[in-house]
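Trainee:
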Amino acid sequence: MRRRERGATNHSLTDSQIFPTVARYAIYHIVTSDGGQLTVSKLRDIMLENPQLTSLSIDDLLRILGKHPEMFDLEETDREKSQSNVVLAFELQICDQPKKCGGYPTCKDMHICKYFLQNKCRQEQPNRCQFGHYLHSEHNLPILREKYMDNIDPRKLKEWIQKHHNRLFWTSRPPQVCTYYNTAGGCSKNDTYNVPSSVKKLSRSVEKFSRNRVHNIWGKNNKQ
Numbered sequence: 002m003r004r005r006e007r008g009a010t011n012h013s014l015t016d017s018q019i020f021p022t023v024a025r026y027a028i029y030h031i032v033t034s035d036g037g038q039l040t041v042s043k044l045r046d047i048m049l050e051n052p053q054l055t056s057l058s059i060d061d062l063l064r065i066l067g068k069h070p071e072m073f074d075l076e077e078t079d080r081e082k083s084q085s086n087v088v089l090a091f092e093l094q095i096c097d098q099p100k101k102c103g104g105y106p107t108c109k110d111m112h113i114c115k116y117f118l119q120n121k122c123r124q125e126q127p128n129r130c131q132f133g134h135y136l137h138s139e140h141n142l143p144i145l146r147e148k149y150m151d152n153i154d155p156r157k158l159k160e161w162i163q164k165h166h167n168r169l170f171w172t173s174r175p176p177q178v179c180t181y182y183n184t185a186g187g188c189s190k191n192d193t194y195n196v197p198s199s200v201k202k203l204s205r206s207v208e209k210f211s212r213n214r215v216h217n218i219w220g221k222n223n224k225q
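Residue numbers (my numbering): 2 to 225.
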């Protein structure tokens, strides 16, 4: 009987009023699940545990999730809609200049060491790494809060990032191209770490004077 009374109250709430609770529940359980996804049916069963969501139907959940494609993807299967898989549609971005960006809210990328996320950081003591090892730092928490992720254990969040972020997430900024090498006189700086203009040649026609230039990205000067 109590369940019905709570349900009657829920009917007066709009989708926009319910969404923060739905989003927080959904994101928490998707991130902490083994496969990084849950079916609509399973997600709805979990949400029924919340007193504010006891009257939430499968159709309600599908409608609410569908209104926020920037946060949720619905992967259809050959079964009914309730068996569609719900995954997160976004990735956390890493700031590559945390000392210069100005911080939150100017910068809404995470201040975190990407090598720490890969378990490859050489700094054993977190406070010695200039990029940081704290997902719940003063800068990162507001960003996670905007994504309804601030209540997720950092270890679980790290595991989700490792498993479900795109490969491009792990790459550094493109190497700097040597402008001297792209001139008729060539480059005399043999100790430079800049990549010769062979990178640029991949995206435009080769000029006459560059016929004697290296077009091998893996040339000896590029491996330093």
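Cβ atoms here follow ideal geometry from the backbone N, Cα and C, with glycine treated the same way.
Quantities reported herein were computed from a predicted structural model and do not represent experimental measurements.
(1) Please state if the CB of Ile59 and the CB of Asp16 are separated by a distance shorter than 9 Å.
(2) Do the CB positions of Phe91 and Met72 come within less than 9 Å of each other?
(3) Could you pull the DSSP bridge partners for Leu39 from this structure?
(4) Runs of 3 residues minimum, wholly inside the region 83-163: which ones carry the beta strand (DSSP E) assignment?
(5) Tell me whether Asn141 is buried or exposed, calling it buried when 16 or more other Cβ atoms sit within 10 Å of its Cβ.
(6) For His166, collect the residues of the same chain with a Cβ closer than 8 Å to its Cβ; drop the 5 residues on either side in sequence, then sort them by chain order.
(7) For His137, count the other beta carbons within 10 Å of its own beta carbon; 16 or more makes it buried, fewer makes it exposed. Which is it?
(8) What is the residue span of the beta strand (DSSP E) that Asp74 lies within?
(9) Counting only the same chain and skipping the five closest in sequence on each side, list residues whose C-beta sits under 8 Å from that of Pro106.
(10) How many Å lie between Ser42 and Gly67 at the Cα?
(11) For Gly133 and His69, I'd like the C-alpha separation in whole angstroms.
(12) Using three-state DSSP, classify Thr33 as helix, strand or coil.
(13) Thinking just about the alpha-carbon of each residue, which of Glu160, Ile113 and Leu63 is nearest to the one in Met99?
(14) Can you give me the C-alpha to C-alpha distance between Thr40 and Ile162, rounded to a whole angstrom?
(15) Where does Leu49 land, buried or exposed, given buried means 16+ other C-beta within 10 angstroms?
(16) Take the Cβ of Arg129 as the centre, count every other Cβ of all protein chains shown within 10 Å, and call the residue buried at 16 or more, exposed below.
(17) Where do the ends of the alpha helix (DSSP H) carrying Arg64 lie?
(18) Let me check understanding here. Comparing Cα to Cα, which of Ser34, Ala27, Arg25 and Val23 lies closest to Arg156?
(19) Do you know how far the Cα of Gln18 is from the Cα of Tyr29?
(20) Taking the alpha carbon of Arg45 as the reference point, which residue from Ser85, Thr78 and Arg80 has its own alpha carbon closest?
(21) Given this structure, state the Cα-to-Cα distance separating Cys108 from Ile95, to the nearest angstrom.
Mentor: With the given structure in hand:
(1) One-based indexing of the sequence shown puts residue 16 at position 15. One-based indexing of the sequence shown puts residue 59 at position 58. Contact flag unset, no.
(2) As a first step, residue 91 must be located in the sequence shown, where it is residue number 90. As a first step, residue 72 must be located in the sequence shown, where it is residue number 71. Yes, Cβ-Cβ distance for Phe91 and Met72 is below 9 Å.
(3) The residue given as residue 39 occupies position 38 in the sequence shown. According to DSSP, which records beta bridges pairwise, Leu39 is partnered with Val87.
(4) 86-89
(5) Position 140 of the sequence shown, counted from the first residue, corresponds to residue 141. Answer is buried; the Cβ neighbour count reaches 16.
(6) For this step, residue 166 is matched to residue 165 along the sequence shown. So the qualifying residues of the chain are Glu92 and Leu93.
(7) On the sequence shown, position 136 is the one that residue 137 refers to. His137 comes out exposed.
(8) Here residue 74 is taken as the residue at index 73 of the sequence shown, counted from 1. Phe73 to Glu76 is the span of the beta strand (DSSP E), which, as asked, contains Asp74.
(9) For the purposes of this step, residue 106 is taken as residue 105 along the sequence shown, with counting starting at 1. Here the set comprises Pro143.
(10) Taking the sequence shown and counting its residues from 1, one reaches residue 42 at position 41. Taking the sequence shown and counting its residues from 1, one reaches residue 67 at position 66. If you take the alpha carbons of Ser42 and Gly67, they lie about 15 Å apart.
(11) Residue numbering aside, residue 133 sits at position 132 when the sequence shown is read from its first letter. Residue numbering aside, residue 69 sits at position 68 when the sequence shown is read from its first letter. Each residue's alpha carbon lies about 31 Å from the other.
(12) The residue given as residue 33 occupies position 32 in the sequence shown. Of the three classes helix, strand and coil, the one that applies to Thr33 here is helix, per DSSP.
(13) If you number the sequence shown from 1, residue 99 lands on position 98. A small fix is needed here, since residue 99 is Pro in this sequence, not Met. Comparing Cα-Cα distances from Pro99 to each of Glu160, Ile113 and Leu63, the minimum goes to Ile113.
(14) Within the sequence shown, residue 40 is the residue found at index 39, counting from 1. Within the sequence shown, residue 162 is the residue found at index 161, counting from 1. Their Cα atoms are separated by approximately 20 Å.
(15) Taking the sequence shown and counting its residues from 1, one reaches residue 49 at position 48. Exposed.
(16) Against the sequence shown, residue 129 aligns to sequence position 128. Exposed.
(17) In the sequence shown, the residue the question calls residue 64 occupies position 63. Residues Ile59 to Gly67.
(18) Residue 156 sits at position 155 when you count from the first residue of the sequence shown. Checking every option, the nearest Cα to that of Arg156 belongs to Ser34.
(19) Indexing the sequence shown from 1 puts residue 29 at position 28. Indexing the sequence shown from 1 puts residue 18 at position 17. Distance between the alpha carbons of Tyr29 and Gln18 is about 18 Å.
(20) Locating residue 45 in the sequence shown gives position 44, where the first residue counts as 1. That would be Ser85, whose Cα lies nearest to the Cα of Arg45.
(21) Along the sequence shown, read from residue 1 onward, the residue named residue 108 stands at position 107. Along the sequence shown, read from residue 1 onward, the residue named residue 95 stands at position 94. Computed Cα separation, rounded: 10 Å.
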